[in-house]
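Converting from the sequence shown to my numbering requires adding 56 to each position, the first position being numbered 1.
Everything on this sheet refers to the single structure shown next.
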Amino acid sequence: YLKSVNHDKNINLESVAKTIGGFSGADIELLVNNSVIKAFGDHRDMVTLRDIMDAHNDIVFKDRNKAMKYSDEDLKQLSYHEAGHAVVSLVKDRDSLNHITINKRGSVLGHVKVNSKENHISTVEEIRHQIVTDLAGNAAEKLFLGTSSIGNIGDNMNAKSNVYMLIRECGYKGLEYIKTHGRYPQEEPPSYFNSEYKLQSIEKAENELLNECLFEAETILRNNKELVNEIANKLIEKKSLIKDDIDSIM
57 YLKSVNHDKN INLESVAKTI GGFSGADIEL LVNNSVIKAF GDHRDMVTLR DIMDAHNDIV
117 FKDRNKAMKY SDEDLKQLSY HEAGHAVVSL VKDRDSLNHI TINKRGSVLG HVKVNSKENH
177 ISTVEEIRHQ IVTDLAGNAA EKLFLGTSSI GNIGDNMNAK SNVYMLIREC GYKGLEYIKT
237 HGRYPQEEPP SYFNSEYKLQ SIEKAENELL NECLFEAETI LRNNKELVNE IANKLIEKKS
297 LIKDDIDSIM
């Protein structure tokens, strides 16, 4: 698809392929067309990686409006939040991220794009790492700014959902498999649990896992303060970081 348009020959196509995992041929054609439009709108005749990533976000989040204007305080808070997510991912795998942005798309205020793995079944440890990553945004706000935003609600729900799944469905922490109706506690009445595992012991194991993951997130962030600060400051400056930006920081 890119062969038909003038584009930067230094674009890492493998990196782009990981970013658009799951896109259909029509989606990719739309992505390239939108990338050309973005380049043209910037008075350029060559498509760059940044054009492609911005076009990708337009498609994924279905919002082509201009980015939301933030106050300086909100901009800093959001930048540290996304930097927290990013650092935990990068410490585990420095090639895990393709894009970090604080540009608003729909209801999403910021986003860290993790490389997709096609036909991949997540392991228990990968799910646990995702919990750590989800909690890292809020942890970064508290550690570096001494505050916390309501934007963390979604992250916390995701983390608790995965904790619930690991404990109640995967037997994590030594608990045997317990059949469930859903992934959120409110979806399943306490009476559904078999008599061997009372709700109190289950919730205790969930709280222990959640606290362990939060402690791990905080430890990673404390041990990588310079990286958190650098990514946050770059986000404040550029609003969006592509793979080349991330690699230069690392």
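We put the CB at the ideal spot given by N, CA and C, even for glycine.
- The beta carbon of Asp-300 lies closer than 6 Å to none in the same chain, with the five residues before and after it left out.
- One alpha carbon belongs to Val-143, the other to Asp-190, and they sit about 11 Å apart.
- Leu-297 is bridged by DSSP to Ile-156.
- In terms of Cβ geometry, Ala-73 and Lys-94 do not form a close pair [threshold 8 Å].
- Bounds of the alpha helix (DSSP H) holding Cys-269 are 255–279.
- Its chain contains Val-168, Thr-189, Ala-192 and Gly-193 as the residues whose beta carbon lies nearer than 7 Å to that of His-141, once the 5 sequence neighbours on both sides are disregarded; these appear in chain order.
- Within the same chain, Ser-135, Glu-138, Ala-139, Ile-156, Ile-158 and Leu-297 come within 7 Å of Leu-291 by CB-CB distance, once the 5 residues on both sides are set aside.
- DSSP lists His-63 as the beta-bridge partner residues of Val-103.
- Our two residues, Arg-150 and Ala-288, have alpha carbons roughly 17 Å apart in a direct line.
- Taking Thr-104 as the centre and dropping the five residues before and after it, the same chain places the C-beta of Asp-64 closer than 6 Å to its C-beta, in chain order.
- Beta-bridge pairing by DSSP links Val-168 to Ile-156.
- In the structure shown, Phe-200 adopts helical secondary structure according to DSSP, grouped into three states.
- In the assembly as shown, Ala-215 is a buried residue. Its beta-carbon has 16 or more other beta-carbons within 10 Å.
- Ranked by Cα distance from Gly-202, the options Lys-132, Ser-60 and Glu-293 are led by Lys-132.
- Rounded to the nearest angstrom, the Cβ distance from Ala-261 to Ile-223 is 5 Å, consistent with a contact under 8 Å.
- Secondary structure of Asp-128 (DSSP, three-state): helix.
- The continuous stretches of alpha helix (DSSP H) do not include Leu-58, and DSSP gives it neither H nor E.
- Annotation for Val-92: Val-61 and Val-103 place their beta carbon closer than 7 Å to its own, counting only its chain and skipping 5 residues before and after.
- The alpha-carbon separation between Val-180 and Leu-265 amounts to approximately 13 Å.
- The Cβ neighbour count for Met-306, taken over all protein chains shown within 10 Å, is under 16; the residue is labelled exposed.
- The shortest CA-to-CA distance from Asp-303 to any of Asn-154, Ser-127, Leu-69 and Asp-98 is the one to Asn-154.
- With fewer than 16 other CB atoms across the displayed protein chains lying within 10 angstroms of its CB, Asp-128 is exposed.
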